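Take the sequence shown: its letter number 67 is residue 82 in this note's numbering, and every next letter is one higher.
Glycine is no exception: its CB is placed at the ideal position from the N, C-alpha and C atoms.
All of these numbers come straight from a predicted model, not from anything done at the bench.
Remarks on the structure that follows.
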Amino acid sequence: MPKMPGVKRSAVRRPVARVCRSALLLALVGVGVAAAAPPETVLADAAKRADWAAVRTLLQAGADVDARQGDGSTALHWASYRDNREIAALLIRAGADVDAANDLGVTALWTACENGSSAMVEALLEAGADPNTPLPFGETPLMTAARAGNADVVGRLLAAGAEVDAATEPGAYGAQTALMWAVAQKHPAVVEVLLAHGADVHARSTTFTETVKTVSTYANYGLQCVPRDECYITEVQSGGFTPLLFAARVGDLASARLLAAAGADVNGTTPDGASALAVAALSGNGAVGALLLEHGADPNAAGGGYAPLHAAILQRDPDLAQALLAAGADPNARVSASTRYTRDSADFFFPPWYVGAPALWLAARHREAGIMRLLARHGADPHATHDPQYWTRDRGTAAGRMWVEEGETTALMAAVGLGGRDPLWAVEHRARVGEATELGGGPDRTAAEAAALEAVRVAVALGVDVDAANARGRTAVSAARVNGFDEVAAFLVEHGAKR
16 MPKMPGVKRS AVRRPVARVC RSALLLALVG VGVAAAAPPE TVLADAAKRA
66 DWAAVRTLLQ AGADVDARQG DGSTALHWAS YRDNREIAAL LIRAGADVDA
116 ANDLGVTALW TACENGSSAM VEALLEAGAD PNTPLPFGET PLMTAARAGN
166 ADVVGRLLAA GAEVDAATEP GAYGAQTALM WAVAQKHPAV VEVLLAHGAD
216 VHARSTTFTE TVKTVSTYAN YGLQCVPRDE CYITEVQSGG FTPLLFAARV
266 GDLASARLLA AAGADVNGTT PDGASALAVA ALSGNGAVGA LLLEHGADPN
316 AAGGGYAPLH AAILQRDPDL AQALLAAGAD PNARVSASTR YTRDSADFFF
366 PPWYVGAPAL WLAARHREAG IMRLLARHGA DPHATHDPQY WTRDRGTAAG
416 RMWVEEGETT ALMAAVGLGG RDPLWAVEHR ARVGEATELG GGPDRTAAEA
466 AALEAVRVAV ALGVDVDAAN ARGRTAVSAA RVNGFDEVAA FLVEHGAKR
C-alpha cells in the first residue's frame, strides 16, 4: 500500500481490518441481518432475537461482546432478559461487561432481578456484578427483586453487599425502600429476609403537598368556585408512608405481623394524621386492623379526621367494629374532617357533609342495622343528631351555588336518605358492589328499601323520634315517600309518624 502523506500506515490498516471482520460477521449471520442492522450490533441483535446459534457463531468469530444497540443494550442484557444462563456464561467468559448499562440505566443484573431468576443473579454476582448499581432515579437491584417477590434473589443480593435500606430519590420517586416495595406487593417472604438483614421498619417515604377534592366530580359539577374551597378543592399532605402503613393500605396481614414483631410503630400516622389502624379500616383491611389492635394500636386515634370505627362503618365491617368497641373505641365519636376523593377509584371517603356526624348516625346513613345495634349495646346515643352543612348547586343564583344547613337530622332521618347532599356518594360506591341506593343508583330498588327498613326498625326500637323534622321541614316519613319507599313510610305511620 502506498504511503499517504501525513498518515501512518497502521491508521489505515485498522479501519480496513474492522471492515473485513464486519463483513465476515455479516456473512456468518446471513444477508437478512446485514440489511436490518449496522454490522457492529449483530451480536446484540442475535441475542435479542434469541438466535442462540448465531450468538455462538459470532462469539467464535470474535464479535465484540460489548457492542451496543441504539439504546445501549448489549448481548448480555438480552441473555439475562431471556434468562438463558448458558449464553450468559459464554458472554461472561468472552469478557462481557457485567455492569454495562443501557440508556435507561438498566443492567443485566436488574433484568435478572426483575425476572426473579436466582440462577442468573448468582451467575452475574459471581462474575462481579455490582448489587448496588441504581437506575437513574435510584431504584437498586434489591428494590427490583423485592418488588418481583423472589426471596432467594433478595438473599443473594444482600449476601453480595446490597444496601438493605437504599432508597429511591426523594420527590417524585418517594424515597422508598426495598422493604416498602416488598410490603406494597404483598411479598411477606421477602419482608422476612429484609428484616433479618436489618431493614429499617421506621423508614418513611417522601411527604409532598397534593391538591385534591373532597367530593366527587359529579357532586360539584357546574359550581363556580371562588374561593375554590367552596368546590371542596384543597391541599393535603400525601406520601410519608412507613412499611407498616403500606401493609395497612394494601392489606398484607403476614407482612404487618412481621413488621409489628420487629418493632414497627403501630400508632404511626400518615402526614395528614391518619393512624395505621384508621388506614387499614378505611381500606377495608379489617384483619390488619384487628392485628394492630392486638399489638396495642389506639382504637380512638382520629388525627386524620375520622376514627377507625367510622371507617369500619363505611366499609360495612361489623367484625372490626366489634373489635374496636371491645378495645375501647368511643361509640359516640364524631367525624371531624372530610377526606380526599379519588376519581374513578373504589376508595371510600368522608364527604364534607359527614363532618360532625356521630358513629350511630353514620351507620344509619349507610343502613348498617347490625352495626347500629352493636353501637347501641356499647353505649352509643341513639338520639345524637347531626347538622349537615355544605355547598350545593343553585342555578337560580348568580354564583350558581348556595350554602345549605339542613339542621339537626336524626339517625332515623339518615336511614331514609336525609343528611347530606344528593346521595351521589352512595350511588357511586354502592353501585360498584351491586347494591341499590334510594334513587335507584343500583340494580334493585327493593334491596335499597329493605336495607332502609331494617335500619329504620332499629332506630325506632331505640326510641328515636319518628316525627322529628330538619330545618327544611322534612321528616323521615316525607323522605321515605319521596324516595318511593312505601313500606318504610307505612311502618313509620304505624309507629306514630304524623307528617
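Query                                                                                                                                                                                     : Result
Since A181 and L157 are thought to touch, with beta carbons under 8 Å apart, how far apart are those beta carbons, to the nearest angstrom?                                               : 7 Å
Could you give the C-beta distance for G304 and A295, rounded to a whole number, given that I count them as a contact under 8 Å?                                                          : 4 Å
Take L150 as the anchor and find which of A384, D114 and N165 has the nearest alpha-carbon.                                                                                               : D114
Cutting at 6 Å between CB atoms, please list the residues of its own chain near M195, excluding the five before and the five after it.                                                    : P258 and F261
Among residues of its own chain, excluding the 5 on either side of D98, which ones have a beta-carbon nearer than 7 Å to its beta-carbon?                                                 : N130, S132 and M135
Is the separation between the beta-carbon of V503 and that of V475 shorter than 8 Å?                                                                                                      : no
Can you tell me whether DSSP reads G304 as helix, strand or coil?                                                                                                                         : helix
Roughly how many angstroms separate the alpha carbons of E178 and L306, rounded to a whole number?                                                                                        : 30 Å
On the DSSP bridge assignment, give the partners of M417 in chain order.                                                                                                                  : T407
Which two residues bound the contiguous alpha helix (DSSP H) that contains D334?                                                                                                          : P333 to A341
For A326 and L308, which I take to be in contact (beta-carbon distance under 8 Å), what is that distance rounded to the nearest angstrom?                                                 : The Cβ separation is near 13 Å, so there is no contact.
Can you look up P397 in the DSSP assignment and give me helix, strand or coil?                                                                                                            : coil
Please state the DSSP three-state secondary structure of F223.                                                                                                                            : strand
Where do the ends of the alpha helix (DSSP H) carrying D501 lie?                                                                                                                          : D501 to E509
Suppose only complete runs of 3+ residues qualify. What are the beta strand (DSSP E) ranges in the stretch 116-177, listed by chain order?                                                : none
Does the distance from the CB of A204 to the CB of A166 come in under 8 Å?                                                                                                                : yes
Determine the closest residue to Q330 out of G318, A312, V508 and G299, with distance taken between C-alpha atoms.                                                                        : G299
What is the rounded straight-line gap between the Cα of A426 and the Cα of A312?                                                                                                          : 29 Å
By how many angstroms is the C-alpha of F365 removed from the C-alpha of G488?                                                                                                            : 26 Å
Secondary structure at T257, three-state DSSP: helix, strand or coil?                                                                                                                     : coil
Quick check: what's the CA-CA separation for A76 versus L173?                                                                                                                             : 38 Å
Measuring straight from C-alpha to C-alpha, what distance separates A218 and N498?                                                                                                        : 51 Å
Quick check on the burial criterion: 16 or more other C-beta atoms within 10 angstroms. Buried or exposed for F256?                                                                       : buried
Do you know how far the Cα of R496 is from the Cα of A466?                                                                                                                                : 16 Å
State buried or exposed for G434, treating a residue as buried only when at least 16 other CB atoms are found within 10 Å of its CB.                                                      : buried
On a CA-only basis, which of G343, H310, A109 and R349 is nearest G319? Give me that one, please.                                                                                         : R349
Identify, in the order they occur along the chain, each residue of the same chain with its Cβ nearer than 7 Å to the Cβ of Q191, setting aside the five sequence neighbours on each side. : A182, T183 and S220
Quick check: the Cα distance between N147 and A109, rounded to an integer number of angstroms?                                                                                            : 24 Å
Tell me whether F152 is buried or exposed, calling it buried when 16 or more other Cβ atoms sit within 10 Å of its Cβ.                                                                    : exposed
Run the CB neighbour count on G85, radius 10 Å, all protein chains shown included, and call it buried at 16 or more, exposed below.                                                       : exposed
Below 8 Å on the Cβ atoms is my contact criterion, and I expect L477 with A399 to pass it. Report the Cβ-Cβ distance as a whole number of Å.                                              : The pair is not a contact, with the Cβ atoms about 11 Å apart (cut-off 8 Å).
Helix, strand or coil for D203, going by three-state DSSP, please let me know.                                                                                                            : Checking the sequence, you will find Pro at residue 203 rather than Asp. The answer is helix: DSSP assigns P203 an H, G or I state.
Does DSSP put P286 in a helix, in a strand, or in coil?                                                                                                                                   : coil
Helix, strand or coil, according to DSSP, for R349 in the structure here?                                                                                                                 : strand
For R382 versus A430, is the C-beta distance shorter than 8 Å?                                                                                                                            : yes
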